[in-house]
Amino acid sequence: MASFRTTSISLRDLIGLDGYIAFENLRDGTGDFGNINIHPPSAILHPKSVSDVSALITHVYGMGGTSNLTVAARGHGHSLRGQSQAYGGVVVMMEDLKSNRSPVVVVEGGGGGDVSVHAPYVDVAGGMLWVHVLEECLKYGLAPKSWTDYLYLSVGGTLSNAGVSGQALRHGPQISNVYQLEIVTGKGQVVVCSPENEEDLFFAALGGLGQFGIITGARIALELAPKKVRWIRVLYSEFSTFAKDQEMLIASTGGANGSGFDYMEGFVIKNRKGILNTWRSFLNPKDPVQASQYESDGKTLFCLELTKYLYPGSDSDADSQQIDDILSKLRYIPSTMFQSEVSYFDFLNRVHPAEIKLREKGLWDVPHPWLNLLVPSSYVHFFADEVFGNILTDSTNGPIIIYPVNRATWNERTSAVIPEEDAVFYMVAFLTSVTSKAGFANAMEQNDRILEFCLRSSIPVKQYLPHYTSEEDWKTHFGKKWDLLVERKFKYDPLAILAPGQRIFQRTLVEPTTHLLTTI
């Protein structure tokens, strides 16, 4: 690694930028939401234009084998294990780009000759947060189709992973709802790509963990936005019944135009009291509640969360009848159903009020040793028996999410990795927050026990938001996509300049035409 001083001297040769490079006060580029890995950069680029990003990477690429300098794009810094950091390198603050690139919503018309693009869609900067994309689109009565549970994430950040939430039930992940990308490659080239133009780079970047270029712009598919959301929660005492109902719902939804619910997620609740305190918006003060039904002290409960979108001018009686018809087929504990009706924005932004409260208490910027797994449905009951029955002791340190995803809604041409088995696989997320060294050690030990159990039992899980420290583990993770990943890396980032925090490829003192080492 070149010294920080050498790096600073080299970068001072960059002139004519619309933004600027900072060499001091670099705290914003040294950590992330995970609060586990702290890797200080030597400089931070605050870009005001895409040409700033291109100029930086072109400069670093032009240094060839004389430098080990790396570049990491940072959206809202929501990575977990230092993936948005660049030790001794340059962090690009992607949110700075949004000031000169407001979202452009196209309501009607074609896509400039691109047969795959049909309005409505929105063109946005890669560093823009999804919450701001939503706010702009709602002015036109429109919204993107697929979301993450938390909206204060950057467009480029989620598209570099996949972007998954309960709307995957109908529309698949966010990377399945993109028409076009603007990317700055590891050579500094600015490329506009789509399934019809530079398709290899387009599919490489989607779910590509930032390895092939920095996403500076995206064209996102839109749909009519509902005004209201019917929000439903019910409880189950048996995982087998809970899982069967979830899979029945995903099978009956029938894709984007099918009937059924518009969002579905599930939660594991173990050894928890006061569940009702987090469900206040669902409570009807006129109805008595048997609180004991909602206590999981000494037992495990499974919560199914569903929504039905309510559109302007729709028949409310017909909507209610459809909801009742579907619910009548489910086998939840009848007395545990809560319903609430909220605005579409408030539902999508449901995590933010909790964030505000945690920030007020100083409990937001704490370590988050999260573990996110994709589990094949053929193994999920075996997985649940051991993990929820034996390894997991409680769910008091953060949500534990589990819900099925339809494999058919994922494009196999992207770089995103999903289990190879089954038409359905499960997202299982252990979203732990800790406030002490002992709590951190226990959480990491629990994660290790879960992964060791999967390995020992030959459960072919895949990590979502993966973290590995060896080439062999990365090869196993990418499986049959590994050779293509390496080929694309040579093509678009031959010096391994980009996304060093992922620890897949290491910057080496070699020319682009020679062998690229991938050891950490």
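Heads up: the sequence shown begins at 1 in full-length UniProt numbering, then just goes up one per residue. A virtual CB, placed ideally from N, CA and C, is assigned to each residue, including glycine. Bear in mind the structure is a predicted one, so any value in this text is a computation, not a measurement.
The closest CA to that of Met93, considering only Arg101, Ile44, Cys137, Lys139, is found on Ile44. Contact between the stretch 143-150 and the stretch 239-248 is absent: fewer than 3 CB-CB pairs across the two stretches fall below 8 Å.
The DSSP-derived three-state label of Lys491 is helix. Nearest to Val107 by C-alpha distance, out of Gly126, Glu95, Arg74, Gly141, is Gly141.
Burial is judged here by how many other beta carbons sit within 10 angstroms of a residue's own beta carbon; Ile15 has fewer than 16 and is exposed. If you compare the alpha carbons of Pro40, Gly65, Tyr152, Val60 with that of Ser84, the shortest gap goes to Pro40.
With contacts defined by Cβ atoms closer than 8 Å, Leu201 and Gly213 form a contacting pair. Taking Val461 as reference, the option from Gly479, Glu445, Glu472 with the minimal CA-CA separation is Gly479. For His46, the uninterrupted beta strand (DSSP E) run begins and ends at 43-46, by DSSP. According to the DSSP assignment, Thr300 belongs to the beta strand (DSSP E) that extends over 300-310. Per DSSP, the continuous alpha helix (DSSP H) segment holding Gln246 begins and ends at 239-253. Inclusion of Trp130 and Leu159 in the CB contact set at 8 Å is not warranted, their separation being larger than that value. In the DSSP annotation of this structure, the continuous segment of the alpha helix (DSSP H) that includes Asp317 starts and ends at 316-327.
The C-beta separation of Val351 from Tyr426 comes to about 21 Å, leaving the pair out of contact by the 8 Å criterion. By the 16-neighbour rule on beta-carbons within 10 angstroms, Ile220 is buried. Looking at the backbone, the Cα of Ser67 and that of Leu206 are separated by about 28 Å.
Of the residues Ser377, Arg488, Asp365, His467, the one whose Cα lies closest to the Cα of Thr414 is Arg488. Contact between the stretch 417-433 and the stretch 368-376 is present: 3 or more CB-CB pairs across the two stretches fall below 8 Å.
The residue from Glu223, Met128, Thr307, Asp394 with its alpha-carbon nearest to that of Tyr121 is Glu223. By the neighbour-count definition (other C-beta atoms within 10 Å, threshold 16), Ile356 is an exposed residue.
Cα atoms of Pro334 and Asp317: separation of roughly 22 Å, rounded to the nearest angstrom. Here Ala125 carries a strand assignment [DSSP, helix/strand/coil].
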